[in-house]
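Just below is one structure, and these are the notes that go with it.
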Amino acid sequence: MRMFEFQAKRIFREKGIHVPNGRVATNAVEAEEIARELGGPFVLKAQVLVGGRGLAGGVKFANDPTEVRKLAEEIFISEIKGETVRKILVEKKVPIKDELYASVVIDQEERTPMVIASSEGGVEIESIAEKFPEKIIKRKIDVFKGFSDFDGRSIAKKVCHDRKRVESFASVLKILYNIFEEYDAELVEINPLALTPNDEFVAVDAKLNIDARASFKHRELIEELQREFMKPTAGAKLREFKAVEAGLTSYFELNGNIGLICDGAGTGMLTLDIVKDLGGEPANFCELGGITSPTLMKNAMDVVLSNPKVEVLLINLIGGLNRMDEMAEGIISFLNEKGTSVPIVVRMTGTMEDLGKDMLRKAGISTYDNIYDAAEKVVELAGRK
Amino acid sequence: MAILVNKETKVLVQGITGRVGSFQTKMMIEYGTKVVAGVTPGKGGTSMHGVPVYDLVEEALVHEPNVAISFVPGPYAADAAFEAIDAGLDLIVLIPEGIPNLDVLKIIRYAKERGTLILGPDTPGIISPGKAKVGGHPHKLFMEGNMGVISRSGSLSYDTCKILTENGIGQSTVVGIGGGPIWGLTEIDVLEMFERDDETHAIVLLGEVGGTMEERAADYIKDNITKPVVAVIVGRHAPVGKRMGHAGAIIEGDKGSAASKISALKNADVLIAKYPRDVPKLVSQFLKK
Chain A
53 MRMFEFQAKR IFREKGIHVP NGRVATNAVE AEEIARELGG PFVLKAQVLV
103 GGRGLAGGVK FANDPTEVRK LAEEIFISEI KGETVRKILV EKKVPIKDEL
153 YASVVIDQEE RTPMVIASSE GGVEIESIAE KFPEKIIKRK IDVFKGFSDF
203 DGRSIAKKVC HDRKRVESFA SVLKILYNIF EEYDAELVEI NPLALTPNDE
253 FVAVDAKLNI DARASFKHRE LIEELQREFM KPTAGAKLRE FKAVEAGLTS
303 YFELNGNIGL ICDGAGTGML TLDIVKDLGG EPANFCELGG ITSPTLMKNA
353 MDVVLSNPKV EVLLINLIGG LNRMDEMAEG IISFLNEKGT SVPIVVRMTG
403 TMEDLGKDML RKAGISTYDN IYDAAEKVVE LAGRK
Chain B
6 MAILVNKETK VLVQGITGRV GSFQTKMMIE YGTKVVAGVT PGKGGTSMHG
56 VPVYDLVEEA LVHEPNVAIS FVPGPYAADA AFEAIDAGLD LIVLIPEGIP
106 NLDVLKIIRY AKERGTLILG PDTPGIISPG KAKVGGHPHK LFMEGNMGVI
156 SRSGSLSYDT CKILTENGIG QSTVVGIGGG PIWGLTEIDV LEMFERDDET
206 HAIVLLGEVG GTMEERAADY IKDNITKPVV AVIVGRHAPV GKRMGHAGAI
256 IEGDKGSAAS KISALKNADV LIAKYPRDVP KLVSQFLKK
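Protein chains in written order, with the working numbering: chain A, 53 to 437; chain B, 6 to 294.
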């Protein structure tokens with residue numbers, strides 16, 4: 053879960069990493085007031101949760117407070133990659149002598165926290181890796197030991213050309229690692245980490261993505277995120293938002309007319325592949341997760357069928373931990389409470405399938421035993437593209 | 006012999022009194038698995054489906070369990086896993102999918118130090134058909150035999166074993182390694198076990214988009230596996246940058262695509278089946294000996 057930049061910077065500041073002076077504004081007048089307090093020159097940064105914000109017009113520079121207001125007005129009425137801007141971070145621009153890079157991630161293959169640093173900040177880490185692979189320094193950190201001073205020193209000596217800066221860079225890394233640990237981060241990143249003419253390191257940008265599985269430990273921060281996030285009011289974004297609220301493991305939309313609901317990731321991808329191979333066009337991918345409930349199934353149908361593009365629905369269920377009687381209960385209660393005119397094709401097999409199929413049969417719904425026949429049927433109903 | 010679990014396996018269920026834990030315990034017992042004890046803090050002294058329930062793993066050790074299956078939810082999962090590791094169990098099957106990543110790293114690291122194997126998290130578990138089931142598999146779809154099956158996804162392994170069973174091809178052991186993004190036992194670990202297992206004559210590898218595990222498995226197969234391997238990779242039509250249900254199933258840039266995995270596996274002489282239904286035809290040639 054990606055946090056807003058202003059949240060990440062607040063945490064950085066609390067923990068002792070320098071960030072530019074600045075505050076968030078909720079309207080253009082406030083932005084101008086903040087600018088008057090700070091003194092220029094200024095940077096205005098739209099607080100949105102999408103990548104590539106700068107290129108999409110979400111970052112602007114100004115020399116005086118009046119210009120700040122003008123630019124803030126422009127940013128507030130624009131959408132940044134489809135996201136409405138509710139807050140702008142107004143900062144005093146930091147003079148930059150050099151730009152470095154620092155982050156902490158979990159390396160999935162090595163199964164360990166990994167600190168990554170480079171002398172070549174300011175561009176995406178992927179392009180640093182492409183242009184200067186030798187300038188990316190990585191160090192595994194033992195998850196029980198944590199980050200020691202010598203870890204920082206070892207990385208800093210390889211990154212900083214000037215010995216004077218080794219200790220201060222190492223201390224930024226140590227704080228960054230501690231934030232990673234305390235906030236259960238998937239990623240904590242400073243890019244660029246600016247070196248000012250006074251030889252001070254300042255986090256010009258700040259990224260903090262929290263592991264959703266650890267969200268129960270960070271409720272206040274996530275509640276703030278949800279408050280500040282402009283809830284979508286219509287369309288695919290709204291349905292995706294509702295899917296998250298409903299607890300669906302995965303929901304996103306595609307361009308076709310065949311709604312999909314599956315009760316496992318592997319079977320979901322298999323279903324998508326089969327339908328596409330047959331010439332059908334899925335309207336979405338929707339996975340319930342391996343352990344589900346009747347309510348979850350009902351909610352999934354509600355979300356998927358609220359997409360006006362869906363002309364036929366394929367529900368593919370192969371129960372293990374997930375019980376087919378519970379799935380049948382969810383399907384039937386959706387049809388009783390909400391109903392739909394969209395034809396529904398159900399494939400059902402696995403745990404408690406006899407009971408589940410029987411419940412559906414009594415409700416007038418026949419089921420397929422294998423996914424290939426069910427997919428054929430649904431593509432035939434939807435019409436091949 | 007099968008791998009990891011067999012007729013002699015004695016199972017301890019952590020979180021035995023929960024909604025899913027109690028139901029799946031009943032199913033495992035029905036299948037013939039020796040479930041010897043359960044643990045739920047605060048419920049010690051009671052019983053579930055005839056299985057004695059304890060407050061602590063150390064108290065359940067009188068029944069000499071060697072494998073634990075945990076239904077303990079994310080926030081408490083690490084504690085339960087450490088408890089089973091400290092008690093010296095050989096293998097812990099971690100069913101839940103909501104365990105914080107840093108906890109998963111700690112569990113795996115601690116288990117390695119103490120010589121305990123971790124399967125999962127976010128795994129359906131493991132079944133050696135006809136011998137034992139330590140997981141949530143719909144066991145009617147499985148049959149005893151000589152195919153070793155490795156899968157990241159539970160549901161994909163069910164679909165594949167269903168079609169194998171319908172074609173009279175049984176399985177030695179079916180291992181769900183879990184949805185990632187961090188795994189205890191990996192595809193390579195399980196490949197190595199199947200290579201050594203006399204009862205396994207051929208291997209089915211069920212992979213999916215995301216990460217590079219199949220590419221690394223392909224390298225491993227090329228140098229170390231003498232048994233025939235057939236693979237299915239799902240997610241050929243998965244869009245870039247979208248999480249396909251599993252936390253580990255996401256194509257990032259040019260990393261993790263089905264095409265990359267399929268080409269790496271082909272390069273290791275692995276036969277690629279387009280769908281699970283094509284697997285029986287491909288494997289039957291190796292089993293008619």
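No residue lacks a Cβ here, since even glycine has one placed at the ideal position from N, Cα and C.
By alpha-carbon positions, which one of the options ends up nearest to residue i?
i	options	result
B:F147	B:T170, B:V275, B:P129, B:I100	B:T170
A:R217	A:V240, A:D159, A:E252	A:E252
B:R282	B:Y115, B:L161, B:G79, B:E102	B:L161
A:R54	A:H270, A:P395, A:L290	A:H270
B:V25	B:T165, B:A273, B:G141, B:D224	B:G141
A:L290	A:G391, A:F304, A:E151, A:K226	A:F304
B:V284	B:V234, B:I21, B:G246	B:V234
B:G246	B:L99, B:P129, B:V237, B:D259	B:D259
A:S345	A:E241, A:D354, A:L407, A:G382	A:G382
B:A263	B:A252, B:G250, B:I277	B:I277
A:E241	A:E143, A:I189, A:A154	A:A154
A:S300	A:M349, A:I326, A:D377, A:V256	The residue asked about is misnamed: residue 300 of chain A is Leu in this sequence, not Ser. Nearest of A:M349, A:I326, A:D377, A:V256 to A:L300, Cα basis: A:M349.
A:L373	B:I226, B:E200, B:K138, B:V214	B:K138
B:G135	B:E192, B:L94, B:E149, B:A254	B:E149
A:M175	A:L152, A:E161, A:K197, A:I231	Note that residue 175 of chain A is Val in the sequence shown, not Met. Cα-wise, what sits closest to A:V175 is A:L152.
A:E82	A:T118, A:F337, A:F221, A:Q278	A:T118
A:V157	A:L90, A:L228, A:R105	A:L228
A:D379	A:A255, A:G402, A:E234	Note that residue 379 of chain A is Met in the sequence shown, not Asp. Closest by alpha carbon: A:G402.
In the DSSP assignment, what residue or residues form a beta bridge with residue i?
i	result
B:P57	B:S52
A:P334	A:I310
B:L329	For residue 329 of chain B there is no data in the structure shown, the boundaries of chain B being 6 and 294.
B:L292	In DSSP, B:L292 forms no bridge with anything.
A:S206	Partner(s): none; A:S206 has no beta bridge.
A:M400	A:L369
B:V16	B:V40, B:V72
A:P165	A:I158
A:Y303	A:C338
A:F268	Bridge partners of A:F268: none, in fact.
A:L260	A:V240
B:A65	Bridge partners of B:A65: none, in fact.
A:G198	BP columns for A:G198 are empty, so no partner.
B:S156	B:G181, B:L211
Quick one: give me the first and last residue of the beta strand (DSSP E) that residue i is part of.
i	result
A:N422	Segment: none, A:N422 is in no beta strand (DSSP E) and carries neither H nor E.
A:Y153	150-159
B:F147	Counting along the chain, B:F147 falls outside any beta strand (DSSP E), and DSSP gives it neither H nor E.
A:R271	Taken as a continuous stretch (DSSP letters only), A:R271 belongs to no beta strand (DSSP E), being part of the alpha helix (DSSP H) at 271-280.
B:A273	From DSSP, B:A273 is part of no beta strand (DSSP E); its letter is neither H nor E.
B:T178	176-181
A:E143	140-144
A:K97	94-98
A:S254	According to the sequence provided, residue 254 of chain A is Val. The question's Ser does not apply to it. It spans 253-255 - the beta strand (DSSP E) in which A:V254 sits, taken as one unbroken run.
B:L124	122-124
Starting from residue i, trace the alpha helix (DSSP H) in both directions and tell me its first and last residue.
i	result
A:N388	376-389
B:G26	24-36
A:A60	57-67
B:I255	First-last for B:I255: undefined, no H or E at that position.
B:G261	Here B:G261 belongs to no alpha helix (DSSP H), and DSSP marks it neither H nor E.
Please check the pair residue i and residue j, which I expect to be a contact at CB under 8 Å, by giving their CB distance rounded to whole angstroms.
i	j	result
B:V16	B:V40	5 Å
A:G311	A:L365	4 Å
B:L270	B:A223	5 Å
B:Y59	B:A42	6 Å
A:P72	A:K133	Rounded, the Cβ-Cβ distance is 24 Å, inconsistent with contact.
B:I100	B:I74	7 Å
A:G121	A:E84	Per the sequence presented here, residue 121 of chain A reads as Arg, with Gly not at that position. About 4 Å; that satisfies the 8 Å criterion.
B:V56	B:T30	6 Å
Apart from the five residues on each side of it in sequence, which residues of its chain come closer than 7 Å, Cβ to Cβ, to residue i?
i	result
B:V195	I155, V180, I182
A:A335	E305, L306, G308, N309, I310, G311, N359, K361, V362
A:Q419	Residue identity differs from the one stated: residue 419 of chain A is Thr in this sequence, not Gln. Result list for A:T419: V398, R399, M400, K409, L412, in chain order.
B:I34	V40, H54
A:P284	L290, F293
Who are the near neighbours of residue i in its chain, counting only those whose CB is closer than 8 Å to its CB and skipping five residues on each side?
i	result
B:L190	L122, I123, L124, V180, I182
Taking only beta-carbon positions, decide if residue i is within less than 8 Å of chain C.
i	result
B:R248	Of the chains in the structure shown, none is chain C; the protein chains are A and B.
Closer than 6 Å by C-beta to residue i: which residues in its own chain qualify, once you throw out the five before and the five after it? Chain order, please.
i	result
B:S177	A7, N151, G153, E204, T205
A:A317	E339
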